[in-house]
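If you read the sequences in order, they're chains A and B.
Quick note: the first sequence, position 16, residue 408 per my numbering, numbers continuous.
Quick note: the second sequence, position 183, residue 575 per my numbering, numbers continuous.
We put the CB at the ideal spot given by N, CA and C, even for glycine.
Contents: one structure, followed by commentary.
Number of protein chains: 2
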Amino acid sequence: MAVPPSKSERTRLRILDAAAKVFSERGYSGARLVDIAAEAGIQTGSLYYHFDSREALVEEVLRLGIERAFDATRSRVEALGPGAPPIERLRTALRAHIGTILAKGDYASAHARIIGQVPEEVQKRNYADQQAYGEYWSTLIAEAEEAGELRPGFDLYVVRMLLFGAMNWAAEWYRPSRGSPELIAEHLVSMVLDGLAAPPGGAAEASGGAPRRAELA
Amino acid sequence: MAVPPSKSERTRLRILDAAAKVFSERGYSGARLVDIAAEAGIQTGSLYYHFDSREALVEEVLRLGIERAFDATRSRVEALGPGAPPIERLRTALRAHIGTILAKGDYASAHARIIGQVPEEVQKRNYADQQAYGEYWSTLIAEAEEAGELRPGFDLYVVRMLLFGAMNWAAEWYRPSRGSPELIAEHLVSMVLDGLAAPPGGAAEASGGAPRRAELA
DNA sequence: GTCTATAGTGCGATAGAC
DNA sequence: GTCTATCGCACTATAGAC
């Protein structure tokens, strides 16, 4: 754990960062090894000292894409402590996942963008990781429903996918000029949990202004 | 208008359908002309009688992707008549757009998936169409807010992009086994307008079951 | 570990017959 | 209009020097 990273490992990480960026920008087939190498500051041939093939490289990017989002989300949810209401855990997970997409580099967005384009073998090997993260979200949502904190009647799989869509798509349009990641996260949480519509009573005031501006904005 | 399509035009349309499908499945660079030709039932060289280049082909697919979603959405909103409340117009637009994504072939989802990967020149030429459709949505959302039918405080650009994300992403996960397009559309509308959360009163009953099951399910 | 050089392959595009 | 044949290029991957 406390071992300082060797030169080889540091280069390997630079390559992975470069690959995540280029795969995310150009898609799986559009990303050229020469572009990835240039972004990492080496020649194309040198990539093969660190990775067996283009496929092995993309596979590691995809694995890290899930791992980073999962780690960030789980650790922030667990930091709430065991007594937190399920909907508060869900709210925290939403903030963590979209925060990873917006702020934490290109791994998560590379995964979202290219997983449907990589060779079938690579998809299969990534499937277990995806399942585990999906199960985690399923549990978060189901526990909120079982606690009576969600309106009844939703198909929770559909809900989960719509949520992932709103979050993962943010990689396509977000620019820092649009506001802090935290502000975007508050919009998401406010929209999907409380809804855009003013409550029927007409007293818009009573429902509170929608997204409370994030402290860190 | 009433002119029957020539053989050439029918082949051209078969090629476009095939291209929309293959571009949507494999991404811009992953789509091979030989696959598109095979899907259309012709040889690769024959494509060049109908289109000048691979770029010209993808450009037409992208143009149609916007056009079809725009036409479907606008016509359903206008069918409501001039007196419809703005939030009802927005609700209808949401149903129409996601319905196009889920049911109406591959053009809309091809646009969503590959617009970020095509050469910059192609992106630029598609930009005007995108702007027009985006403006249309901006107006729908802004009118609902001005009518006091939305909770105050949202950045409407962020809202629009989160909505597009939830809708466009559906192409990635939707299968007919998940339910009819209409059922998915009701989940979307219910979630983003009324929210997932049960109202604070605790009388979950009063808020109504979430997505009313679509008639056409 | 990283370089240069190159072998091998697959794809977009064109030419010309039918 | 569609075919077959082919040119030329760009890219992955390997070999061997340093």
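Backbone CA spacing between residue i and residue j [nearest angstrom]
i, j, result
"L608 (chain A)", "A590 (chain B)", "Unreliable positioning characterises L608 (chain A) in this predicted model, as indicated by a pLDDT of 36, which lies under 50. A coordinate reading is not provided."
"E512 (chain B)", "I506 (chain B)", "12 Å"
"N560 (chain A)", "T492 (chain A)", "10 Å"
"F546 (chain B)", "P603 (chain A)", "6 Å"
"L575 (chain B)", "L554 (chain B)", "20 Å"
"E431 (chain A)", "E578 (chain B)", "45 Å"
"G526 (chain B)", "A562 (chain B)", "19 Å"
"R455 (chain A)", "L439 (chain A)", "19 Å"
"Y566 (chain B)", "G571 (chain A)", "31 Å"
"F415 (chain B)", "A539 (chain A)", "43 Å"
"G508 (chain B)", "S421 (chain B)", "11 Å"
"I533 (chain B)", "R446 (chain A)", "44 Å"
"T436 (chain A)", "F443 (chain A)", "11 Å"
"S569 (chain A)", "F556 (chain B)", "19 Å"
"L482 (chain A)", "V581 (chain A)", "9 Å"
"R406 (chain A)", "V510 (chain A)", "22 Å"
"K516 (chain A)", "V450 (chain B)", "29 Å"
"A410 (chain B)", "G419 (chain A)", "20 Å"
"H489 (chain B)", "A476 (chain B)", "18 Å"
"D498 (chain B)", "R487 (chain A)", "32 Å"
"A429 (chain A)", "E452 (chain A)", "16 Å"
"A504 (chain B)", "A485 (chain B)", "17 Å"
"D586 (chain A)", "K399 (chain A)", "50 Å"
"P390 (chain B)", "P573 (chain A)", "Residue 390 (chain B) lies beyond the residue range present for chain B, which begins at 393 and ends at 609; the question has no answer from this structure."
Where residue i meets chain A, residues with beta-carbon distance less than 9 Å
i, result
"G571 (chain B)", "D547 and V550"
"I479 (chain B)", "L588, A589 and A590"
Simplified DSSP assignment, three categories, for residue i
i, result
"A476 (chain B)", "coil"
"A589 (chain A)", "strand"
Buried versus exposed call for residue i [16 or more other C-beta atoms within 10 Å across all chains shown]
i, result
"Y441 (chain B)", "exposed"
"V395 (chain B)", "exposed"
"R605 (chain B)", "Only weak support is given to the placement of R605 (chain B): the predicted model assigns it a pLDDT of 49, under 50, and the question is left unresolved by the model."
"E537 (chain A)", "buried"
"G457 (chain A)", "buried"
"S467 (chain B)", "exposed"
"D344 (chain B)", "The requested residue 344 (chain B) does not occur in the structure, where chain B is confined to residues 393 to 609."
"R402 (chain B)", "exposed"
"G433 (chain A)", "exposed"
"Y519 (chain A)", "exposed"
"S501 (chain B)", "buried"
"T465 (chain B)", "buried"
Residue i beta carbon near the ligand FAD (any heavy atom closer than 7 Å)
i, result
"A504 (chain B)", "The ligand FAD is not part of the structure shown, which contains no ligands of any sort."
Beta-carbon neighbours of residue i, restricted to chain A and to distances below 8 Å
i, result
"E541 (chain B)", "A589 and A590"
"R418 (chain B)", "S421 and Q509"
"D586 (chain B)", "R543, G587 and A589"
"N560 (chain B)", "G557 and W561"
Under 7 Å from the C-beta of residue i: neighbouring residues of chain B
i, result
"P603 (chain A)", "G545 and F546"
"E564 (chain A)", "G508"
"I576 (chain A)", "V550"
Where residue i meets chain A, residues with beta-carbon distance less than 7 Å
i, result
"L554 (chain B)", "A558, H579, L580 and M583"
Worksheet item: Mind pulling the alpha helix (DSSP H) runs of 4 or more residues that sit fully within the segment 406 to 491 of chain B?
Response: 425 to 432, 439 to 442 and 446 to 470
Item to complete: List in chain order: all unbroken alpha helix (DSSP H) runs of 4+ residues lying wholly within the segment 546 to 570 of chain A.
Response: 548 to 560 and 562 to 565
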